[in-house]
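Protein chains in written order, with the numbering used here: chain A, 1 to 202; chain B, 1001 to 1202. Where is the CB? At the ideal position from N, CA and C, for every residue including glycine. Every value quoted in this text rests on a predicted model; they were computed, and no experiment measured them. Please read the structure below before turning to the comments.
2 protein chains.
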Amino acid sequence: MTPGNALDRLTALLSRLPGIGKKTAGRLAYHILDTDPAYAHSLASELDNLHDAIKRCSRCGAYTESDPCPICSDPSRDRALLCVVERAQDLRVIEESREYRGLFHVLGGLIAPLEGVGPGDLSIGKLASRIQEEGTRELILALNPTIEGDTTALYLQQFLKEKLKGSPLEITRLASGLPVGGDLEYADRLTLSRSFRGRIKL
Amino acid sequence: MTPGNALDRLTALLSRLPGIGKKTAGRLAYHILDTDPAYAHSLASELDNLHDAIKRCSRCGAYTESDPCPICSDPSRDRALLCVVERAQDLRVIEESREYRGLFHVLGGLIAPLEGVGPGDLSIGKLASRIQEEGTRELILALNPTIEGDTTALYLQQFLKEKLKGSPLEITRLASGLPVGGDLEYADRLTLSRSFRGRIKL
Chain A
1 MTPGNALDRL TALLSRLPGI GKKTAGRLAY HILDTDPAYA HSLASELDNL HDAIKRCSRC
61 GAYTESDPCP ICSDPSRDRA LLCVVERAQD LRVIEESREY RGLFHVLGGL IAPLEGVGPG
121 DLSIGKLASR IQEEGTRELI LALNPTIEGD TTALYLQQFL KEKLKGSPLE ITRLASGLPV
181 GGDLEYADRL TLSRSFRGRI KL
Chain B
1001 MTPGNALDRL TALLSRLPGI GKKTAGRLAY HILDTDPAYA HSLASELDNL HDAIKRCSRC
1061 GAYTESDPCP ICSDPSRDRA LLCVVERAQD LRVIEESREY RGLFHVLGGL IAPLEGVGPG
1121 DLSIGKLASR IQEEGTRELI LALNPTIEGD TTALYLQQFL KEKLKGSPLE ITRLASGLPV
1181 GGDLEYADRL TLSRSFRGRI KL
């Protein structure tokens, strides 16, 4: 084969990215080769720099260039609200909705016994200390409406109730139901049943 | 936003790749951040190295680490056959089919007047000299069965007939028709009509 080893090695590395199969990886590698070398070099330098530039916030666990992160150190944030998310990237979506002005806590995963992820693998002990130290009044669980999300929400509720006995902490969870712009006809049974149970008075 | 500039810059660069939108680019960037830094560093070093390691073969135009490329310098190849492809990456697919044992010539594009690509932008003059120098007997046009591919094939046929007057060069084109494993029911009208015109006697 004419295309040499450098191209094959790049293709192999790209195909390790999620959602990028061998064929797509090959197409991307050829595209990069066809493009101005400056593009490959900027991409290389950003990749080299990435893990040095971006750390985890020592308080909330979010990805950040400064520690504590801009959200944790923003005095205009409502410190009585703490929003629990599974992964650091979930913060971005919530921030972009501009609906929420409290603090965040990144769990680092969801309880999934089949994949060997237990409560001890998540940042749960730290969550409990933060609630006590920061005087959180409402804990909003922004976990995916999946089996793992439901299990983790249930576990957190029971664990924190026990751990923070007597505290007035309120625990809530994001509403689950029909997506805006969605069509009743295409809603699955579970989503529909949740949207019935969570119906609101007009 | 907590995720800092390094992440945004990487996302912006990744979203310039074909088929990678802003959302996918963000997901990839977070995935790279979540993964062992060694992965980001190997990807960076392959990207930095790519354009230095891979050049174009001065004879056929294929991507190669050595010049002339392994195909052009392989004495077991049938030098009477020359296969014309649009882009260097088309070589790989043809090589993988193991159907062809001749030489290649990369045109570097297809004639597309609407996009401002004329015959002068393609490696056509060089193709004519190669045919004369190498004593090519059959020129196989392996161009996409699209309007641009058809136009280019027609142009090449007329241009070479004029240029190589009196030469016994035979020009052929890859058969167009139903894809293997395809279903008649889903074949488009043009493909079906081509497969009728190109039908073969059993």
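Inset, instruction - Please report how far the alpha carbon of S129 of chain A lies from the alpha carbon of R87 of chain A, in whole angstroms. - result: By one-based count along the first sequence, residue 129 of chain A stands at place 129. By one-based count along the first sequence, residue 87 of chain A stands at place 87. Roughly 19 Å separates the two Cα atoms.
Inset, instruction - Would you give the residue range spanned by the alpha helix (DSSP H) that V93 of chain A belongs to? - result: Taking the first residue of the first sequence as position 1, residue 93 of chain A is located at position 93. 88-97 is the span of the alpha helix (DSSP H), which, as asked, contains V93 of chain A.
Inset, instruction - Mind checking which residues open and close the alpha helix (DSSP H) that includes R27 of chain A? - result: Locating residue 27 of chain A in the first sequence gives position 27, where the first residue counts as 1. Where R27 of chain A is concerned, the enclosing alpha helix (DSSP H) stretches over 22-34.
Inset, instruction - Check whether the stretch 1060-1077 of chain B touches the stretch 1037-1045 of chain B, taking contact to mean three or more Cβ pairs, one atom from each stretch, closer than 8 Å. - result: no
Legend entry - Proximal chain B residues relative to R9 of chain A, where beta-carbon distance stays under 8 Å: Here residue 9 of chain A corresponds to residue number 9 of the first sequence, with the count starting at 1. Listed along chain B are E1046, each with a C-beta nearer than 8 Å to that of R9 of chain A.
Inset, instruction - Would you kindly work out how many angstroms separate the C-alpha atoms of G102 of chain A and I124 of chain A, rounded to a whole number? - result: Here residue 102 of chain A refers to the residue found at position 102 when the first sequence is read from its first residue. Here residue 124 of chain A refers to the residue found at position 124 when the first sequence is read from its first residue. Distance between the alpha carbons of G102 of chain A and I124 of chain A: 19 Å.
Inset, instruction - Return no unless some Cβ of chain B is closer than 8 Å to the Cβ of T146 of chain A. - result: Position 146 of the first sequence holds residue 146 of chain A. It does not: the Cβ of T146 of chain A has no partner Cβ on chain B nearer than 8 Å.
Inset, instruction - May I have the straight-line CA-CA distance separating T1024 of chain B from A1012 of chain B, to the nearest angstrom? - result: On the second sequence, residue 1024 of chain B is found 24 positions in, with the first residue counted as 1. On the second sequence, residue 1012 of chain B is found 12 positions in, with the first residue counted as 1. About 11 Å.
Inset, instruction - Report back the beta-carbon spacing between L1010 of chain B and E46 of chain A to the nearest angstrom; my notes put them in contact at under 8 Å. - result: The residue labelled residue 1010 of chain B in the question sits at position 10 within the second sequence. The residue labelled residue 46 of chain A in the question sits at position 46 within the first sequence. Going by Cβ atoms, the distance from L1010 of chain B to E46 of chain A rounds to 4 Å, so yes, they are a contact pair.
Legend entry - Burial state of G1182 of chain B, where buried means 16 or more other Cβ atoms lie within 10 Å: Locating residue 1182 of chain B in the second sequence gives position 182, counting from the first residue. The residue is exposed, with fewer than 16 neighbouring Cβ atoms inside 10 Å.
Inset, instruction - For G26 of chain A, count neighbouring C-beta atoms within 10 Å of its own C-beta (all shown protein chains included) and say buried if the count is 16 or more, exposed if not. - result: Locating residue 26 of chain A in the first sequence gives position 26, counting from the first residue. Counting Cβ neighbours within 10 Å, G26 of chain A comes out buried, since at least 16 surround it.
Inset, instruction - Anything in chain A within Cβ reach of H1105 of chain B, meaning under 7 Å, just list it in chain order. - result: Stepping through the second sequence from its first residue, residue 1105 of chain B is reached at position 105. Ordered by position in chain A, no residue passes the 7 Å Cβ test against H1105 of chain B, which lies about 12 Å from the chain.
Inset, instruction - Report the neighbours of S42 of chain A on chain B: residues whose CB is nearer than 7 Å to its CB, in chain order. - result: Residue mapping note: residue 42 of chain A aligns to position 42 of the first sequence, counting from 1. Correct list: L1013.
Inset, instruction - Starting from R1059 of chain B, find everything on chain A with Cβ-Cβ shorter than 9 Å and list it in chain order. - result: For the purposes of this step, residue 1059 of chain B is taken as the residue at position 59 of the second sequence. Chain A residues near R1059 of chain B: none, gap ~11 Å exceeds 9 Å.
Legend entry - Partner residues on chain A for L1154 of chain B, Cβ-Cβ distance less than 9 Å: Residue mapping note: residue 1154 of chain B aligns to position 154 of the second sequence, counting from 1. In chain order: nothing, as chain A lies at least about 26 Å away.
Legend entry - Spatial distance of I1200 of chain B from P1145 of chain B (CA atoms): By 1-based counting over the second sequence, the position of residue 1200 of chain B is 200. By 1-based counting over the second sequence, the position of residue 1145 of chain B is 145. The alpha-carbon atoms of I1200 of chain B and P1145 of chain B are separated by roughly 19 Å.
Inset, instruction - For C83 of chain A, write down the residues that DSSP places opposite it in a beta bridge. - result: Translated into the one-based positions of the first sequence, residue 83 of chain A becomes position 83. In the DSSP output, where bridge partners are listed per residue, C83 of chain A has A:F104, A:I140.
Legend entry - Contacts that I1032 of chain B makes with chain A (C-beta to C-beta distance below 8 Å): As a working mapping, residue 1032 of chain B is identified with position 32 in the second sequence. L17, L47, L50, listed in chain order.
Inset, instruction - Answer yes or no: does any C-beta atom of chain B fall closer than 8 Å to that of Y63 of chain A? - result: Indexing the first sequence from 1 puts residue 63 of chain A at position 63. Interface residue (Cβ-Cβ distance to chain B less than 8 Å): Y63 of chain A is classified as such.
Inset, instruction - Please compile the residues from chain B whose C-beta is within a distance smaller than 9 Å of the C-beta of L274 of chain A. - result: In the structure as shown, chain A starts at 1 and stops at 202, and residue 274 of chain A therefore has no counterpart that could be examined.
Legend entry - Residues of its chain near L55 of chain A, where Cβ-Cβ distance is below 8 Å and the 5 sequence neighbours each way are ignored: Working through the first sequence from its first residue, we reach residue 55 of chain A at position 55. It is worth fixing the name first, because residue 55 of chain A is Lys in this sequence and not Leu. Contacts found: Y63, T64, E65, D67.
Legend entry - Boundaries (first-last residue) of the beta strand (DSSP E) holding S1171 of chain B: As a position in the second sequence, residue 1171 of chain B is number 171, starting the count at 1. The sequence given here has Ile at residue 1171 of chain B, not Ser. 1170-1173 is the span of the beta strand (DSSP E), which, as asked, contains I1171 of chain B.
Inset, instruction - Specify the secondary structure class of T64 of chain A as computed by DSSP and reduced to three states. - result: Here residue 64 of chain A refers to the residue found at position 64 of the first sequence. Strand.
Legend entry - Proximal chain B residues relative to P75 of chain A, where beta-carbon distance stays under 8 Å: Within the first sequence, numbered from 1, the residue matching residue 75 of chain A stands at position 75. Taking a Cβ-Cβ cut-off of 8 Å, P75 of chain A has no neighbours in chain B, whose nearest Cβ is about 16 Å from it.
Inset, instruction - Please go through the same chain and pick out, in chain order, the residues whose beta-carbon is closer than 6 Å to the beta-carbon of L156 of chain A, but skip the five residues on each side of it. - result: If you number the first sequence from 1, residue 156 of chain A lands on position 156. By the criterion of a C-beta distance shorter than 6 Å, L156 of chain A is surrounded by no residue of its chain, once the five residues flanking it on both sides are discounted.
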